[in-house]
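Here the structure comes first, spelled out in structure tokens, and everything after it is commentary.
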Amino acid sequence: MCYLPLFAQGDSSTEEVGRTVIKNGVGLGAVIAVVASWSRNASILWAILHGLFSWFYVIYFALSRSSER
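The sequence shown begins at 118 in the working numbering and counts up one residue at a time.
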């Protein structure tokens, strides 16, 4: 028998995990933004700035890049 834990909305353990990830982790969007920015600009300052904008820059990067393959 497979046991799958079910969490009710507002469950304290789920909220605690979410707070811990937000508090301690670097978001996936920030990492993608920094890598994309570095590949385009090779500048630490731009990479930091784009990391702060995270998903906004990732979306901009995806829409504005030329189709170089």
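Don't be surprised by glycine CBs; every beta carbon is placed ideally from N, CA and C. Please read these numbers as outputs of a predicted model, since none were measured by experiment.
CB contact flag (residue i, residue j, <8 Å)
| i | j | result |
| --- | --- | --- |
| Ser154 | His167 | yes |
| Ser171 | Gly144 | yes |
CA-to-CA distance, residue j to residue i, given in whole angstroms
| i | j | result |
| --- | --- | --- |
| Val152 | Gly146 | 10 Å |
| Val175 | Ile149 | 7 Å |
| Ala179 | Phe173 | 10 Å |
| Val169 | Arg157 | Strictly speaking, residue 169 in this sequence is Leu, with Val absent from that position. For Leu169 and Arg157, the distance between alpha carbons rounds to 16 Å. |
Sequence-distant residues of its chain with Cβ nearer than 6 Å to residue i (five each side left out)
| i | result |
| --- | --- |
| Trp163 | Ser154 |
Cβ-based neighbour list, residue i, same chain, cut-off 8 Å, excluding 5 preceding and 5 following
| i | result |
| --- | --- |
| Ile165 | Val151 |
Residues near residue i in its chain [Cβ-Cβ closer than 7 Å; skip 5 each side]
| i | result |
| --- | --- |
| Tyr177 | none |
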